[in-house]
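The listed protein sequences correspond, in order, to chains A and B. If you're matching positions, the first sequence starts at 135 in the numbering used here and goes up one per residue. If you're matching positions, the second sequence starts at 20 in the numbering used here and goes up one per residue. This report refers to the structure that appears directly beneath it.
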Amino acid sequence: MNSSSVEAATRAIPVTVLTGFLGSGKTTLLQRLLQSPKLARTVVLINELGEIGLDHLLVERVDESLVLLQSGCICCSIRDDLKTALRELLSRRERGEIPEFDRVVIETTGIADPGPILYTLLGEPVVRHHFQSGNVVTTVDAVNASLHLSRNPEGVKQVAAADWLVITKTDLADPAQVTAVRDELGRINPSAGTLDALHDQIDPDSLLAPGRFESKPHLAMQATAGGYLGELRRHSDQVASLSIALDEPLDWTAFGIWLSMLLNRHGDNVLRVKGILQVQGMATPVFINAVQHIVHPPQHLERWPTADHRSRIVFITRGIDHARLRRSLAAFSNARVTDESAA
Amino acid sequence: MCGLCGVFLTETHWADANIAAGGSAARTRRHERLHRVALANRVLKHYGFSVRDWQGSAYLLRGQTGQTAVVPSIAAVWPAAEQLRKRMLDPLDEALIEALERGE
Numbered sequence: 135m136n137s138s139s140v141e142a143a144t145r146a147i148p149v150t151v152l153t154g155f156l157g158s159g160k161t162t163l164l165q166r167l168l169q170s171p172k173l174a175r176t177v178v179l180i181n182e183l184g185e186i187g188l189d190h191l192l193v194e195r196v197d198e199s200l201v202l203l204q205s206g207c208i209c210c211s212i213r214d215d216l217k218t219a220l221r222e223l224l225s226r227r228e229r230g231e232i233p234e235f236d237r238v239v240i241e242t243t244g245i246a247d248p249g250p251i252l253y254t255l256l257g258e259p260v261v262r263h264h265f266q267s268g269n270v271v272t273t274v275d276a277v278n279a280s281l282h283l284s285r286n287p288e289g290v291k292q293v294a295a296a297d298w299l300v301i302t303k304t305d306l307a308d309p310a311q312v313t314a315v316r317d318e319l320g321r322i323n324p325s326a327g328t329l330d331a332l333h334d335q336i337d338p339d340s341l342l343a344p345g346r347f348e349s350k351p352h353l354a355m356q357a358t359a360g361g362y363l364g365e366l367r368r369h370s371d372q373v374a375s376l377s378i379a380l381d382e383p384l385d386w387t388a389f390g391i392w393l394s395m396l397l398n399r400h401g402d403n404v405l406r407v408k409g410i411l412q413v414q415g416m417a418t419p420v421f422i423n424a425v426q427h428i429v430h431p432p433q434h435l436e437r438w439p440t441a442d443h444r445s446r447i448v449f450i451t452r453g454i455d456h457a458r459l460r461r462s463l464a465a466f467s468n469a470r471v472t473d474e475s476a477a
Numbered sequence: 020m021c022g023l024c025g026v027f028l029t030e031t032h033w034a035d036a037n038i039a040a041g042g043s044a045a046r047t048r049r050h051e052r053l054h055r056v057a058l059a060n061r062v063l064k065h066y067g068f069s070v071r072d073w074q075g076s077a078y079l080l081r082g083q084t085g086q087t088a089v090v091p092s093i094a095a096v097w098p099a100a101e102q103l104r105k106r107m108l109d110p111l112d113e114a115l116i117e118a119l120e121r122g123e
């Protein structure tokens, strides 16, 4: 990164994506977050006007519209509405029509694919100069999680793209149901932090802080979860996560060749790649984050988050043989790759 | 940025970024490109292709029958080769993995 791009990255306004199915509590969570003085200078872009009104200074409505690129790749489509809304925010701020703001939160529709939103933030030339992609926060309703995962393919994509999963309505669900939902979400996306909207403290700082990496081992499924877990699993059994570790520093060039080739051929079924890498020649880690074909610029972190300095990567895939994925990475990078998925 | 679309979201594609620049064992940009070309050729030879650096700013992809394509990033090599060869280049291909494991 040269000095001008470092400067641009420093002043770029973070954009948090808040997604989740209709009725899963997105607006309630947003309302709660906006009570924090830390979010006083936040602009909220919403796709649909829900029943819950937002008492906030800056709420803008956008109408979902996609501009499909010639390739026909859905995840790499520009969200025209979002592009226009973000550019308009900059113009209005320059004209003094709206106050200064230091964060944007986009509340998506229930059936939104997070891919085009992230692509717009990373790919649209004006937008990417002024804004930077922040965390994806996905709400999951504990009562209707099974319905949500089964009815729309975007449900699994929203869970896979999440940096934070917030389980809502846990007071209305049976405790076994809540356990099953938590287990299933952990199985699909072990790289995301999981919060219970009712019982956990929702701290805007940690929810919105970028560059977070977690790799939870798969939990042994709780016996109490019973049949509900089976019901959940039926809707997402093709989706699985793989957590790997590499003991030796990674050759970034070999990794880039492998990952670019993998995403070219299997990007539709590689729902997420998130990891922290120990790269040859680097004392500090490199954070990588990809949602389907869309790869965020690799990010140098100042320090290792834990005492474990190995490269650790989580893959969320659909219908891909994980043993072969692991062997492929090992063969390309000439490194030993350990499966760390099991607890 | 997007290997499927061939659309570039930043001036330097992430797969072409010299991530270790500034590190004590950092390679020079030229050394890095040569290393990238050598690693890509290890894979491409299984499909009858080779690639070479093109003036430090692009890559020249060449097939055994003389087909060529100039691509701006290493990630753009894969869709370009698939288009020329009308065959998928799959890193999960068992034959390719076995060949790489044998050091070929």
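From the three backbone atoms N, C-alpha and C, an ideal C-beta is built for every residue, glycine too.
Alpha-carbon to alpha-carbon, residue j and residue i
{"i": "N398 (chain A)", "j": "A94 (chain B)", "result": "8 Å"}
{"i": "S549 (chain A)", "j": "A457 (chain A)", "result": "The requested residue 549 (chain A) does not occur in the structure, where chain A is confined to residues 135 to 477."}
{"i": "E474 (chain A)", "j": "H427 (chain A)", "result": "24 Å"}
{"i": "R460 (chain A)", "j": "H65 (chain B)", "result": "20 Å"}
{"i": "S462 (chain A)", "j": "H430 (chain A)", "result": "22 Å"}
{"i": "L256 (chain A)", "j": "R262 (chain A)", "result": "5 Å"}
{"i": "K217 (chain A)", "j": "R227 (chain A)", "result": "16 Å"}
{"i": "I519 (chain A)", "j": "N60 (chain B)", "result": "In this structure chain A extends from 135 to 477, so residue 519 (chain A) is not present and cannot be described."}
{"i": "A34 (chain B)", "j": "T472 (chain A)", "result": "23 Å"}
{"i": "V178 (chain A)", "j": "I240 (chain A)", "result": "6 Å"}
{"i": "E258 (chain A)", "j": "T31 (chain B)", "result": "15 Å"}
{"i": "G42 (chain B)", "j": "H434 (chain A)", "result": "The pLDDT assigned to G42 (chain B) is 49, lower than 50, so where the model puts this residue is not dependable, and the model offers no usable value."}
{"i": "A57 (chain B)", "j": "N37 (chain B)", "result": "15 Å"}
{"i": "A99 (chain B)", "j": "A88 (chain B)", "result": "7 Å"}
{"i": "E231 (chain A)", "j": "S158 (chain A)", "result": "33 Å"}
{"i": "V300 (chain A)", "j": "A331 (chain A)", "result": "6 Å"}
{"i": "H264 (chain A)", "j": "P338 (chain A)", "result": "22 Å"}
{"i": "Q102 (chain B)", "j": "E120 (chain B)", "result": "27 Å"}
{"i": "D455 (chain A)", "j": "A146 (chain A)", "result": "39 Å"}
{"i": "V90 (chain B)", "j": "R55 (chain B)", "result": "14 Å"}
{"i": "A118 (chain B)", "j": "L108 (chain B)", "result": "14 Å"}
{"i": "R446 (chain A)", "j": "S377 (chain A)", "result": "7 Å"}
{"i": "L117 (chain A)", "j": "D112 (chain B)", "result": "Limits of chain A in this structure are 135 at one end and 477 at the other, which puts residue 117 (chain A) out of reach."}
{"i": "P518 (chain A)", "j": "L53 (chain B)", "result": "With chain A represented from 135 up to 477, any question about residue 518 (chain A) goes unanswered, as that position is not in the structure."}
{"i": "G206 (chain A)", "j": "L396 (chain A)", "result": "Because the pLDDT of G206 (chain A) is 49, which lies under 50, any placement of that residue in the model is unreliable, and the question is left without a value."}
{"i": "S375 (chain A)", "j": "V70 (chain B)", "result": "34 Å"}
{"i": "H282 (chain A)", "j": "L319 (chain A)", "result": "13 Å"}
The ligand NAD heavy atom lying under 7 Å from the CB of residue i
{"i": "T84 (chain B)", "result": "Absent from the structure shown: the ligand NAD. Ligands present: none."}
Proximity winner among the options, relative to residue i (alpha-carbon distances)
{"i": "L171 (chain A)", "options": "A:F235, A:S158, A:L179 and A:G157", "result": "Leu is not the amino acid found at residue 171 (chain A); the sequence shown has Pro there. If we check each option's Cα against that of P171 (chain A), A:F235 comes out closest."}
{"i": "R48 (chain B)", "options": "B:L108, B:D109 and B:Q74", "result": "B:Q74"}
{"i": "T273 (chain A)", "options": "A:L252, A:T254 and A:T304", "result": "A:T304"}
{"i": "V260 (chain A)", "options": "A:L281, A:V373 and A:L220", "result": "A:L220"}
{"i": "V96 (chain B)", "options": "B:H50, B:D72 and B:I38", "result": "B:D72"}
{"i": "P110 (chain B)", "options": "A:P432, A:L393 and A:N403", "result": "A:L393"}
{"i": "I180 (chain A)", "options": "A:T243, A:D442 and A:V293", "result": "A:T243"}
{"i": "Q372 (chain A)", "options": "A:T418, A:T451 and A:D334", "result": "A:T451"}
{"i": "G67 (chain B)", "options": "B:L115, B:L58, B:A114 and B:Q83", "result": "B:Q83"}
{"i": "R444 (chain A)", "options": "A:I454, A:E231, A:T418 and A:E318", "result": "A:T418"}
{"i": "V448 (chain A)", "options": "A:V407, A:P338 and A:E436", "result": "A:V407"}
{"i": "D214 (chain A)", "options": "A:G230, A:L252 and A:R229", "result": "A:L252"}
{"i": "N323 (chain A)", "options": "A:A331, A:I391, A:G230 and A:V270", "result": "A:V270"}
{"i": "L63 (chain B)", "options": "A:I301, A:R446, A:I391 and A:R437", "result": "A:I391"}
{"i": "L156 (chain A)", "options": "A:D275, A:I147 and A:V238", "result": "A:D275"}
{"i": "T176 (chain A)", "options": "A:A146, A:R229, A:T162 and A:R237", "result": "A:R237"}
{"i": "H400 (chain A)", "options": "A:G453, A:D442 and A:S377", "result": "A:G453"}
{"i": "A296 (chain A)", "options": "A:M395, A:L405 and A:D334", "result": "A:L405"}
{"i": "K160 (chain A)", "options": "A:L319, A:D402, A:R437 and A:W298", "result": "A:W298"}
Classification of residue i by the beta-carbon crowding that lies within 10 angstroms, buried from 16 upward
{"i": "S225 (chain A)", "result": "exposed"}
{"i": "P439 (chain A)", "result": "exposed"}
{"i": "L306 (chain A)", "result": "exposed"}
{"i": "R106 (chain B)", "result": "exposed"}
{"i": "D317 (chain A)", "result": "buried"}
{"i": "S280 (chain A)", "result": "buried"}
{"i": "A294 (chain A)", "result": "buried"}
{"i": "A424 (chain A)", "result": "buried"}
{"i": "Q77 (chain A)", "result": "This structure leaves residue 77 (chain A) out entirely; chain A is present only between 135 and 477."}
{"i": "S314 (chain A)", "result": "A small correction: the amino acid at residue 314 (chain A) is Ala; Ser does not occupy that position in the sequence shown. By the 10 Å Cβ count, A314 (chain A) comes out buried."}
{"i": "E123 (chain B)", "result": "exposed"}
{"i": "E51 (chain B)", "result": "buried"}
For a minimum of 3 consecutive residues, which ranges assigned as the beta strand (DSSP E) are wholly contained in the segment 252 to 340 of chain A? The segment 252 to 340 of chain A contains, as complete beta strand (DSSP E) runs of 3+ residues, the segments 265 to 275, 298 to 302 and 327 to 330 (chain order).
Three or more beta-carbon pairs under 8 Å between the segment 244 to 254 of chain A and the segment 143 to 154 of chain A, yes or no? These segments touch.
Do three or more CB pairs link the segment 372 to 385 of chain A to the segment 457 to 472 of chain A at distances below 8 Å? Result yes; three or more Cβ-Cβ pairs closer than 8 Å.
Identify every run of the beta strand (DSSP E) within the segment 389 to 465 of chain A, keeping only runs that are complete inside it and at least 3 residues long; order them along the chain. Runs of the beta strand (DSSP E) lying entirely within the segment 389 to 465 of chain A, each at least 3 residues long, are 404 to 411, 420 to 425 and 445 to 452 in chain order.
Three Cβ pairs or more, each shorter than 8 Å: is that satisfied between the segment 327 to 339 of chain A and the segment 282 to 293 of chain A? No: the two stretches stay apart, fewer than three of their Cβ pairs being nearer than 8 Å.
Is the segment 74 to 93 of chain B in contact with the segment 403 to 420 of chain A, if contact means three or more CB pairs nearer than 8 Å? Touching, no.
Ranges of the alpha helix (DSSP H) found wholly within the segment 33 to 91 of chain B, counting only runs of at least 4: Restricted to the segment 33 to 91 of chain B, the alpha helix (DSSP H) segments that are unbroken, complete and at least 4 residues in length are 48 to 63, listed in chain order.
Any contact between the segment 156 to 172 of chain A and the segment 331 to 345 of chain A? By contact I mean 3 or more CB pairs, one from each, below 8 Å. Segments in contact, yes.
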